[in-house]
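**Student:** Quick note: the sequence shown, position 194, residue 194 per this note's numbering, numbers continuous. Positions of the beta carbon are idealized from the N, C-alpha and C atoms, including for glycine. I'd like to ask you about the structure that follows.
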Amino acid sequence: MKFQKRERLVLVIPILCFFLYAIRFEAGHIRIDRGTQLNYFRFQADAFLHCRLNLENTPSKEDLVEYKGKFYMYWPPVPALVFMPLVALFGLDLPDALINALFGAFNVLLVLLIFIKCNSKFNLNLNPISLALLGLFWGLGTVQFYMAMKGSVWFISQIMAQTFLLASILVFLRGKAKIFNLFLSGFLLACAIYTRNHFVFVFPFFVALFFALERNTGRVENLKSLIYFCIPFVIFSGLNAIYNFVRFGDVFENGLKYHIMSAYFQDNFNQHGYFSLHYFSHNFYTEVLHWPSFKESFPFIKKEPEGFGFIWGSPLFLLLIPNLYFYFSKLRKSFWDPHFQLMSACLLSAFGMAMVIFCIMGTGWVQFCARYTLDFQFFLLLFMVLALQNYFKHFWVKIASVVLITLSFSIQLIGAYFLN
Numbered sequence: 001m002k003f004q005k006r007e008r009l010v011l012v013i014p015i016l017c018f019f020l021y022a023i024r025f026e027a028g029h030i031r032i033d034r035g036t037q038l039n040y041f042r043f044q045a046d047a048f049l050h051c052r053l054n055l056e057n058t059p060s061k062e063d064l065v066e067y068k069g070k071f072y073m074y075w076p077p078v079p080a081l082v083f084m085p086l087v088a089l090f091g092l093d094l095p096d097a098l099i100n101a102l103f104g105a106f107n108v109l110l111v112l113l114i115f116i117k118c119n120s121k122f123n124l125n126l127n128p129i130s131l132a133l134l135g136l137f138w139g140l141g142t143v144q145f146y147m148a149m150k151g152s153v154w155f156i157s158q159i160m161a162q163t164f165l166l167a168s169i170l171v172f173l174r175g176k177a178k179i180f181n182l183f184l185s186g187f188l189l190a191c192a193i194y195t196r197n198h199f200v201f202v203f204p205f206f207v208a209l210f211f212a213l214e215r216n217t218g219r220v221e222n223l224k225s226l227i228y229f230c231i232p233f234v235i236f237s238g239l240n241a242i243y244n245f246v247r248f249g250d251v252f253e254n255g256l257k258y259h260i261m262s263a264y265f266q267d268n269f270n271q272h273g274y275f276s277l278h279y280f281s282h283n284f285y286t287e288v289l290h291w292p293s294f295k296e297s298f299p300f301i302k303k304e305p306e307g308f309g310f311i312w313g314s315p316l317f318l319l320l321i322p323n324l325y326f327y328f329s330k331l332r333k334s335f336w337d338p339h340f341q342l343m344s345a346c347l348l349s350a351f352g353m354a355m356v357i358f359c360i361m362g363t364g365w366v367q368f369c370a371r372y373t374l375d376f377q378f379f380l381l382l383f384m385v386l387a388l389q390n391y392f393k394h395f396w397v398k399i400a401s402v403v404l405i406t407l408s409f410s411i412q413l414i415g416a417y418f419l420n
């Protein structure tokens with residue numbers, strides 16, 4: 001990928017983010033976190049290396065699965081595959097937080113590269129300052145800020161899933177060596193889906209992106225391309241079915257039925273199960289609308305076990321309100337425009353993932369802000385960028401964007417303070 005000279009300067013932002021994720025200052029000393037007993041992916045990697053599926057000698061059993069006297073993970077296994085070569089080379093004593101910080105910083109780089117690529121392909125008119133602000137917002141103005149600082153299984157799962165998803169999008173945008181890129185992009189997306197299963201709802205985005213990039217290709221060629229893209233997902237799905245069957249005797253059982261859950265969730269699970277529309281109203285309110293509770297002393301926001309709405313944790317997303325108005329007011333006339341089709345796909349993918357998140361048993365407890373919403377925030381950000389290009393020339397929009405990004409960073413800095 002070729003960059004203009006000024007675009008290269010924004011690539012220092014991931015380096016800045018890495019140092020903020022990885023380094024702690026305590027009593028005048030620098031500390032870098034090492035391993036945590038709650039990174040079960042290390043222990044799953046060790047199990048794979050010893051031809052086992054169950055975990056052994058984990059310091060904690062919190063949030064694991066117990067079945068026939070053995071302990072398993074209910075999380076999809078791809079991150080454990082990433083840890084396998086590290087565990088094989090260095091053993092189980094790994095710097096989990098440092099590894100997660102590397103993936104988090106790489107995510108910031110991927111976001112910047114995606115927007116640089118979209119800038120040239122879709123004429124988004126993003127200057128280097130705009131690109132830098134987008135990178136800073138993603139790295140320091142969303143829940144990724146504090147999540148990339150922790151090395152436990154819950155945070156690694158989300159951060160690593162974003163890495164696979166963003167890498168898949170970037171490879172897809174390259175377009176050259178089509179068959180290889182389609183297969184590689186599909187492979188990376190399959191890795192994302194088998195890190196966070198509800199990422200399956202991003203397929204509409206890739207379909208829209210494909211037709212935005214390949215509008216003049218024949219139908220047969222289009223069908224072949226989509227098949228190449230989907231092959232890795234089909235293979236991963238088959239392997240995951242075998243993985244579930246060998247562990248629990250059911251291709252669709254990932255272990256949640258045997259989950260060692262906190263008493264905080266037990267009553268809800270007994271009455272409504274893991275996934276139900278019963279949870280929608282509470283989850284939607286908590287993860288989108290709930291206003292943070294304030295106090296008079298520093299850091300001014302009170303700790304709440306279930307956090308608060310992501311639009312208040314990352315106030316830049318308040319621009320969704322005028323953007324959605326613009327989108328629906330122009331949709332009928334502009335439906336066949338590639339930009340609008342891509343905007344529609346962003347909303348559809350975000351909506352699909354959000355519906356799953358709002359209907360599962362928990363909200364991400366314990367957390368700051370709403371960490372599950374990170375899963376679909378990139379699509380909301382891309383939607384806003386695609387919409388904003390139509391009226392970003394207005395001075396008030398530029399000022400509002402800078403103010404909201406600064407406010408987003410300030411709020412997420414409090415989250416990093418709380419969690420560390």
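Given that a residue counts as buried once 16 or more other Cβ atoms are within 10 Å of its Cβ, and exposed if not, what is valine 171?
**Tutor:** The residue you call residue 171 lines up with position 171 of the sequence shown. Buried, by the Cβ-count rule.
**Student:** Considering only residues of the same chain and omitting the five flanking positions on each side of tryptophan 365, which have a CB-CB separation below 7 angstroms?
**Tutor:** As a first step, residue 365 is located in the sequence shown; it is residue number 365 there, counting from the start. Counting only Cβ-Cβ distances below 7 angstroms, and skipping sequence neighbours, we find Tyr264, Pro305 and Glu306.
**Student:** Under 8 angstroms, do leucine 56 and alanine 47 count as touching if we go by C-beta distance?
**Tutor:** Along the sequence shown, one-based indexing puts residue 56 at 56. Along the sequence shown, one-based indexing puts residue 47 at 47. A small correction: the amino acid at residue 56 is glutamate; leucine does not occupy that position in the sequence shown. Against a cut-off of 8 angstroms, the Cβ pair of alanine 47 and glutamate 56 comes out as a contact.
**Student:** Classify glutamate 296 as buried or exposed, calling it buried when 16 or more other Cβ atoms lie within 10 Å of its own Cβ.
**Tutor:** Translated into the one-based positions of the sequence shown, residue 296 becomes position 296. With fewer than 16 other Cβ atoms within 10 Å, it is exposed.
**Student:** Quick one: grab the DSSP three-state call for phenylalanine 275.
**Tutor:** As a working mapping, residue 275 is identified with position 275 in the sequence shown. Strand.
**Student:** Apart from the five residues just before and just after glycine 352, which ones in its own chain have a Cβ nearer than 7 angstroms to its Cβ?
**Tutor:** Looking up residue 352 in the sequence shown gives position 352. Counting only Cβ-Cβ distances below 7 angstroms, and skipping sequence neighbours, we find Phe201.
**Student:** For the structure I just gave you, are there three or more beta carbon pairs, one from the region 186–199 and one from the region 162–171, closer than 8 angstroms?
**Tutor:** yes
**Student:** Would you report the Cα separation of cysteine 359 and phenylalanine 18, rounded to the nearest angstrom?
**Tutor:** One-based indexing of the sequence shown puts residue 359 at position 359. One-based indexing of the sequence shown puts residue 18 at position 18. Each residue's alpha carbon lies about 33 angstroms from the other.
**Student:** Could you pull the start and end residues of the alpha helix (DSSP H) that phenylalanine 71 belongs to?
**Tutor:** On the sequence shown, residue 71 is found 71 positions in, with the first residue counted as 1. Run containing phenylalanine 71: none in the alpha helix (DSSP H); it sits in the beta strand (DSSP E), 70–72.
**Student:** Rounded to whole angstroms, what's the CA-CA distance from arginine 157 to threonine 195? Just pull it up for me.
**Tutor:** Numbered from 1 along the sequence shown, position 157 holds the residue referred to as residue 157. Numbered from 1 along the sequence shown, position 195 holds the residue referred to as residue 195. Just to set this straight, residue 157 is serine in the shown sequence, not arginine. Between serine 157 and threonine 195, the alpha-carbon positions lie close to 6 angstroms from each other.
**Student:** What's the C-alpha gap between isoleucine 114 and leucine 173?
**Tutor:** Position 114 of the sequence shown holds residue 114. Position 173 of the sequence shown holds residue 173. Roughly 8 angstroms separates the two Cα atoms.
**Student:** Would you call the region 314–324 and the region 401–409 touching, i.e. three or more CB-CB distances under 8 angstroms?
**Tutor:** Contact between the region 314–324 and the region 401–409 is present, with at least three C-beta pairs closer than 8 angstroms.
**Student:** Is valine 12 buried or exposed, if buried means 16 or more other CB atoms sit within 10 Å of its CB?
**Tutor:** Stepping through the sequence shown from its first residue, residue 12 is reached at position 12. So valine 12 ends up on the exposed side.
**Student:** Any idea what DSSP makes of leucine 53, helix, strand or coil?
**Tutor:** Residue mapping note: residue 53 aligns to position 53 of the sequence shown, counting from 1. Correct three-state label for leucine 53: coil.
**Student:** Are the beta-carbon atoms belonging to tyrosine 40 and glycine 255 less than 8 angstroms from one another?
**Tutor:** Your numbering for residue 40 matches position 40 in the sequence shown. Your numbering for residue 255 matches position 255 in the sequence shown. Not closer than 8 angstroms, so no.
**Student:** Is it the case that the region 273–291 contacts the region 369–380, given that we only count it when at least three CB pairs across the two stretches are under 8 angstroms?
**Tutor:** With the cut-off at 8 angstroms, the region 369–380 and the region 273–291 touch.
**Student:** Considering only C-alpha positions, which residue in the set Gly362, Gly309 and Gly151 is nearest to phenylalanine 368?
**Tutor:** Counting from one through the sequence shown, the residue named residue 368 turns up at place 368. Ranking Gly362, Gly309 and Gly151 by Cα distance to phenylalanine 368 puts Gly309 first.
**Student:** If we count the other Cβ atoms within 10 Å of its Cβ and call it buried at 16 or more, is aspartate 250 buried or exposed?
**Tutor:** By 1-based counting over the sequence shown, the position of residue 250 is 250. Under this definition aspartate 250 is an exposed residue.
**Student:** Nearest to glutamate 62 by CA position, among Leu16, Ser262, Ser120 and Pro338, is which residue?
**Tutor:** Counted from its first residue, the sequence shown places residue 62 at position 62. When Leu16, Ser262, Ser120 and Pro338 are compared, the shortest CA-CA separation from glutamate 62 is found for Ser262.
**Student:** Considering just the uninterrupted stretch of the alpha helix (DSSP H) at valine 200, what are its terminal residues?
**Tutor:** Numbered from 1 along the sequence shown, position 200 holds the residue referred to as residue 200. Looking at the DSSP string, valine 200 is not in any alpha helix (DSSP H), and its letter there is neither H nor E.
**Student:** Using the C-alpha atoms, what's the distance from isoleucine 23 back to aspartate 96?
**Tutor:** To locate residue 96, count along the sequence shown from 1; it is residue 96. To locate residue 23, count along the sequence shown from 1; it is residue 23. Aspartate 96 and isoleucine 23: Cα-Cα distance of roughly 13 angstroms.
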